[in-house]
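**Student:** As they're listed, the protein sequences go chains L and D.
Using my numbering, read the first sequence as starting at 1 and increasing by one per residue.
Using my numbering, read the second sequence as starting at 1001 and increasing by one per residue.
Yeah, the Cβ is synthetic: ideal placement off N, Cα and C, and Gly gets one too.
The structure's right below; bear with me while I get my questions together.
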Amino acid sequence: MAIAIENKIDPAVERYRQLFDINEQQLNGQKAHPFHQVRKAAMANLEQTGFPQRKDEDYKYTRVDKIAKVKYADAPKASVSQEVADGLAFEELDTYHLVFVNGRYQHQLSNIGETQKGLVIGDYKSVYAHKEAASFLEQVIKSDLGKNAFVDLNSAFAKNGLFVYVAKNTTVEKPIHISHLTVAEGEEFIVHPQLAVFAEQSAEVSIIETFNALQEGAYFNNPVSRFVLKANANVKHYKLQNESSSGNQINNTIVSQDRDSVYSSYVADLGGKVVRNNLSSHLQDSGTNTNMYGVYLGKGSQHIDNQSFLDHAFPHCESNQLYKGILDEQSRGVFNGKVTVQPDAQKTNAYQQNSSLVLSDTAVMDSKPQLEIFADDVKCSHGATIGQLDEDSIYYLRTRGMNRDQAKATLQFAFLAEVLTHFPLESVRAKIAEMIEKKLKK
Amino acid sequence: MLSIKNLQVSVEDKEILKGINLEVKPGEVHAIMGPNGSGKSTLSHVLAGRDDYEVTGGSINFDGKDLLEMEVDERAVAGIFLAFQYPVEIPGVSNMNFLKSMISSIREARGEEELSPIDTVKFIKEKIKLVEMDNKLLKRSLNEGFSGGEKKRNEMLQMAVLEPKLGILDETDSGLDIDALKIVANAVNKLRNENRSFIIVTHYQRLLEYIVPDYVHVLHDGKIVKSGDKNLALELEEKGYDWLKQEVVA
């Protein structure tokens, strides 16, 4: 009986196989390309593992099988105006601005100009020409094969991707802003954005990923972002997710950190219908520092799931994790932070905190801060709180002339603002603050 | 200005105020003294409009309006200010931004002219001098990590900024050292004028050496048992509350 069940092929996977084969037939000379070999391997892995089902512990609170089984169309080509594209940029912040519409890079809408010395920004096609960079990229994508069905799906179907390379000792002066804009028209479709960032020894760069929707409409965004930090590199990674209220996103961010490197993640989840973030950092040596900050704000029937994974296997590493969110109406939030400290990871400092406000009887928050410690000389703490707005604080603000709604909105904003104070870029912080305030007032 | 008639208030079915009568005219300073548990704080919060209290009888008229029919924020707009005994700490709300939004919303609600951002900052800086507060406290979160004295000064700053018709100080002096106490008293004295009245609720006579009241009332077991001028406070200081309790019983 068990064999019969195992042999039952997931119909969703079967459909992707057919789609993959059709795509493959359309390829001419590129079938032999190493990147296509990676795609083939990813598809084979997906067939092997299938999509996570409800019984999977890691997906207990988030039904992704429903998202996987939809028969998606290819993302339609859409054009947007320069004005719309410029509107995605941050005020008073000079960036390399790269605009993607429905997963396709829009050169004419982007604003890169001359890149500074030591910085390379390009699509994968431009990387193929550089043998060393191409094999670097191939290695990284290969190393993730078979670990996560949605990463495999992305690897199998992403036709292109964005590549950022920062040379040794280079400090990138301007942040790199990658705008993903979705224009939902017609059938529900799927997009597979891919980003790979390589920071060489002592390189520094800030990357901002934003996800916006031009209009309401259903789609599935399945991005994978990879960050490779060599020794002493410092990468600040912002992600501002504001998908349409019927857009789903399953985001995988996979980080690899070498000795003494610092990776900091700053995430704001404001939009989307079902949102799942898998954030993991793989620590390769000692002296690393990993920061993970996140805010989330759920309304309506939104579902926002933040998963993080960090494995301390070397001594003298530090990790800080602070996620705060508000769930209102029928929304649901999930936090699952897994941090392990291996026996050899002495002198580790690991802090983890998740706090949520649940404002209605129908909103739900599931929080699981998991810290497993196998070393004895460490400083670690973890905690989760789930609460409501403090009535004394509401009263205090009202005695100063705020009406009840204003007082509540002020306190809700303040609750999230604690996390935003950690976001170094003022313009990004201000934009997120503005979006939060707007959403709180709705 | 304020007329309290036979006010009776219960908390969770326990009667706390048992018929308070008090008339406050424009420009007057009334001190309300009394032992712990006499109902002083309850009176302060009933005036501010706190929900937890049930008014079972009597009336409060403020400026010709029925105060008990008004929401907490409507009372603030109408000109009632309560300085808290325990000001609430609100992390994440910058003190400066809070003052700014307070000014703009209260002016709008009172139908006053809007202040430009520059004038708003000027206005705040003016008021800060009044309470001798360190500018650094403006950048911090509202009351978060403030010392007792800093919190009370911040209350005085908010009062100065909101320009109320009636300022109620709920045991603002409790726990303050003499320097902080003088600053609080000084702020009140500067804000005191022929149109603005104060109710100073206190346990100790010391504050009244610096804020000289027009009237002193003694609250005991939910009733005003004795009223007089500033000399009553001195008498209380000398004889303690027990003397009064005995007198009341007798």
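Tell me the rounded alpha-carbon separation between Met1 (chain L) and Ile9 (chain L).
**Tutor:** Position 1 of the first sequence, counted from the start, is the residue given in the question as residue 1 (chain L). Position 9 of the first sequence, counted from the start, is the residue given in the question as residue 9 (chain L). With a pLDDT of only 40 at Met1 (chain L), under 50, the local geometry of the prediction cannot be trusted, and the value read off the model is given with reservation. Between Met1 (chain L) and Ile9 (chain L), the C-alpha separation is close to 15 Å.
**Student:** What's the gap between the Cα of Ile5 (chain L) and the Cα of Asn252 (chain L)?
**Tutor:** Position 5 of the first sequence, counted from the first residue, corresponds to residue 5 (chain L). Position 252 of the first sequence, counted from the first residue, corresponds to residue 252 (chain L). Confidence is the limiting factor: at Ile5 (chain L) the pLDDT is only 48, short of 50, which leaves the residue's position unreliable, though a coordinate-based value still follows. Roughly 29 Å separates the two Cα atoms.
**Student:** Going by DSSP, what residue range makes up the alpha helix (DSSP H) through Tyr124 (chain L)?
**Tutor:** One-based indexing of the first sequence puts residue 124 (chain L) at position 124. First-last of the alpha helix (DSSP H) with Tyr124 (chain L): Tyr124 to Tyr128.
**Student:** Which residue comes first and which comes last in the beta strand (DSSP E) that contains Met1033 (chain D)?
**Tutor:** As a working note, residue 1033 (chain D) is residue 33 in the second sequence. Residues Val1029 to Met1033.
**Student:** Does chain L have any CB closer than 8 Å to the CB of Asp1084 (chain D)?
**Tutor:** Here residue 1084 (chain D) refers to the residue found at position 84 when the second sequence is read from its first residue. For clarity, residue 1084 (chain D) is Phe in the given sequence; the question names Asp instead. Chain L, which has a Cβ nearer than 8 Å to the Cβ of Phe1084 (chain D), makes this yes.
**Student:** By DSSP, does Tyr293 (chain L) sit in helix, in strand, or in coil?
**Tutor:** On the first sequence, position 293 is the one that residue 293 (chain L) refers to. Tyr293 (chain L): strand per DSSP, three-state reduction.
**Student:** So what does DSSP say about Glu372 (chain L), is it helix, strand or coil?
**Tutor:** Numbered from 1 along the first sequence, position 372 holds the residue referred to as residue 372 (chain L). DSSP places Glu372 (chain L) in strand when its eight states are reduced to three.
**Student:** Would you say Ile1090 (chain D) lies against chain L (beta-carbon separation less than 8 Å)?
**Tutor:** As a first step, residue 1090 (chain D) is located in the second sequence; it is residue number 90 there, counting from the start. Ile1090 (chain D) counts as touching chain L.
**Student:** Would the beta-carbon of Gly272 (chain L) be found less than 7 Å away from any heavy atom of the ligand COA?
**Tutor:** No copy of the ligand COA occurs in the structure displayed, which carries no ligand at all.
**Student:** Bridge partners for Phe204 (chain L) per DSSP, in chain order?
**Tutor:** Within the first sequence, numbered from 1, the residue matching residue 204 (chain L) stands at position 204. Note that residue 204 (chain L) is Glu in the sequence shown, not Phe. According to DSSP, Glu204 (chain L) bridges with L:Thr171 and L:Asn234.
**Student:** I want to verify the contact list: residues of chain L whose CB lies under 9 Å from the CB of Ala1076 (chain D), in sequence order.
**Tutor:** On the second sequence, position 76 is the one that residue 1076 (chain D) refers to. Those are Arg398, Thr399, Arg400, Gly401 and Met402, listed as they occur along chain L.
**Student:** Within 10 angstroms of the Cβ of His1030 (chain D), are there 16 or more other Cβ atoms? Answer buried if so, exposed if not.
**Tutor:** Counted from its first residue, the second sequence places residue 1030 (chain D) at position 30. Buried.
**Student:** Taking the CB atoms as reference points, tell me whether Ile1124 (chain D) and Val1077 (chain D) lie closer together than 8 Å.
**Tutor:** In the second sequence, residue 1124 (chain D) corresponds to position 124, counting from 1. In the second sequence, residue 1077 (chain D) corresponds to position 77, counting from 1. Contact: no.
**Student:** In the stretch 376-397 of chain L, which residues sit with their C-beta less than 7 Å from some C-beta in chain D, listed in chain order?
**Tutor:** Flagged, chain order: Asp392, Ser393, Tyr395 and Tyr396.
**Student:** Quick check: what's the CA-CA separation for Leu1017 (chain D) versus Leu1043 (chain D)?
**Tutor:** Counted from its first residue, the second sequence places residue 1017 (chain D) at position 17. Counted from its first residue, the second sequence places residue 1043 (chain D) at position 43. Each residue's Cα considered, the two are about 8 Å apart.
**Student:** With 8 Å set as the bound, which would you pick, yes or no: does the beta-carbon of Ser1105 (chain D) sit closer than that to a beta-carbon of chain L?
**Tutor:** Taking the first residue of the second sequence as position 1, residue 1105 (chain D) is located at position 105. Yes, because at least one Cβ of chain L sits closer than 8 Å to the Cβ of Ser1105 (chain D).
**Student:** Applying a beta-carbon distance threshold of less than 9 Å, which residues of chain D neighbour Phe415 (chain L)?
**Tutor:** Here residue 415 (chain L) is taken as the residue at index 415 of the first sequence, counted from 1. Those within 9 Å of Phe415 (chain L) in chain D are Pro1091 and Gly1092.
**Student:** What residues of chain L sit near Leu1130 (chain D), judged by a beta carbon separation below 7 Å?
**Tutor:** Stepping through the second sequence from its first residue, residue 1130 (chain D) is reached at position 130. Under the 7 Å cutoff, chain L gives no residues; its nearest Cβ is about 17 Å from Leu1130 (chain D).
**Student:** Alpha carbon to alpha carbon, what distance is there between Ile254 (chain L) and Ser281 (chain L)?
**Tutor:** On the first sequence, residue 281 (chain L) is found 281 positions in, with the first residue counted as 1. On the first sequence, residue 254 (chain L) is found 254 positions in, with the first residue counted as 1. Rounded to whole angstroms, Ser281 (chain L) to Ile254 (chain L) spans 6 Å at the Cα level.
**Student:** Helix, strand or coil: which one does DSSP assign to Asp1242 (chain D)?
**Tutor:** Translated into the one-based positions of the second sequence, residue 1242 (chain D) becomes position 242. If DSSP states are grouped into helix, strand and coil, Asp1242 (chain D) belongs with the helices.
**Student:** Which residues does DSSP pair with Leu88 (chain L) in a beta bridge?
**Tutor:** As a working note, residue 88 (chain L) is residue 88 in the first sequence. In DSSP, Leu88 (chain L) forms no bridge with anything.
**Student:** Using a threshold of 8 Å, state whether the C-beta atoms of Leu214 (chain L) and Leu181 (chain L) are closer than that.
**Tutor:** Here residue 214 (chain L) corresponds to residue number 214 of the first sequence, with the count starting at 1. Here residue 181 (chain L) corresponds to residue number 181 of the first sequence, with the count starting at 1. Yes; because the gap between Cβ atoms is below 8 Å, this pair is in contact.
**Student:** Exposed or buried, what is Ile3 (chain L) when buried is set at 16 or more other beta-carbons lying within 10 Å of its beta-carbon?
**Tutor:** In the first sequence, the residue the question calls residue 3 (chain L) occupies position 3. Note on Ile3 (chain L): pLDDT 45, under 50, position unreliable in the model; no value is reported.
**Student:** For a cutoff of 8 Å on Cβ pairs, would you count Met1 (chain L) as touching chain D?
**Tutor:** As a working mapping, residue 1 (chain L) is identified with position 1 in the first sequence. For Met1 (chain L), the pLDDT reaches just 40, beneath the cut-off of 50, and the residue's location in the model is therefore unreliable, leaving the point undetermined.
**Student:** Helix, strand or coil for Met1133 (chain D) per DSSP?
**Tutor:** Taking the second sequence and counting its residues from 1, the one referred to as residue 1133 (chain D) is at position 133. It is coil, neither helix nor strand.
**Student:** Excluding the 5 residues preceding and the 5 following Ile1183 (chain D) in the sequence, name in chain order all residues of the same chain whose CB lies nearer than 7 Å to its CB.
**Tutor:** For the purposes of this step, residue 1183 (chain D) is taken as the residue at position 183 of the second sequence. These residues qualify, in order along the chain: Val1131, Glu1132 and Arg1153.
**Student:** Going by DSSP, what residues sit across from Gly333 (chain L) in a beta bridge?
**Tutor:** Walking along the first sequence from the start, residue 333 (chain L) turns up at place 333. Note: Gly333 (chain L) sits in a beta bridge opposite L:Ile304 and L:Met365.
**Student:** Phe309 (chain L) bridges to which residues according to DSSP?
**Tutor:** Against the first sequence, residue 309 (chain L) aligns to sequence position 309. DSSP lists L:Ser280 and L:Lys338 as partners of Phe309 (chain L).
**Student:** Which chain D residues sit within Cβ distance under 7 Å of Glu91 (chain L)?
**Tutor:** As a first step, residue 91 (chain L) must be located in the first sequence, where it is residue number 91. Ordered by position in chain D, no residue passes the 7 Å Cβ test against Glu91 (chain L), which lies about 17 Å from the chain.
**Student:** Does Leu1232 (chain D) get closer than 8 Å to chain L when you measure Cβ to Cβ?
**Tutor:** Position 232 of the second sequence, counted from the first residue, corresponds to residue 1232 (chain D). Closer than 8 Å: no.
**Student:** DSSP three-state call for Ile9 (chain L): helix, strand or coil?
**Tutor:** Indexing the first sequence from 1 puts residue 9 (chain L) at position 9. Three-state DSSP puts Ile9 (chain L) in coil, outside helix and strand.
**Student:** For Ser246 (chain L), which residues from the same chain have a beta carbon less than 6 Å from its beta carbon, with the 5 sequence-adjacent residues on both sides left out?
**Tutor:** Taking the first sequence and counting its residues from 1, the one referred to as residue 246 (chain L) is at position 246. Excluding sequence neighbours, Ser246 (chain L) sits near Ala218 and Lys273.
**Student:** How would you list, in chain order, the residues of chain L whose beta-carbon sits under 9 Å from the beta-carbon of Arg1050 (chain D)?
**Tutor:** Locating residue 1050 (chain D) in the second sequence gives position 50, counting from the first residue. Per Cβ cutoff of 9 Å: Tyr395 and Thr399.
**Student:** Between the stretch 1160-1179 of chain D and the stretch 1195-1203 of chain D, can you find at least three pairs of beta-carbon atoms closer than 8 Å?
**Tutor:** They touch, by the three-pair rule.
**Student:** Would you tell me roughly how many angstroms separate the C-alpha atoms of Phe314 (chain L) and Leu283 (chain L), rounded to the nearest one?
**Tutor:** Against the first sequence, residue 314 (chain L) aligns to sequence position 314. Against the first sequence, residue 283 (chain L) aligns to sequence position 283. Distance between the alpha carbons of Phe314 (chain L) and Leu283 (chain L) is about 8 Å.
**Student:** Between the stretch 32-51 of chain L and the stretch 140-159 of chain L, are three or more C-beta pairs nearer than 8 Å?
**Tutor:** Yes, the stretch 32-51 of chain L touches the stretch 140-159 of chain L.
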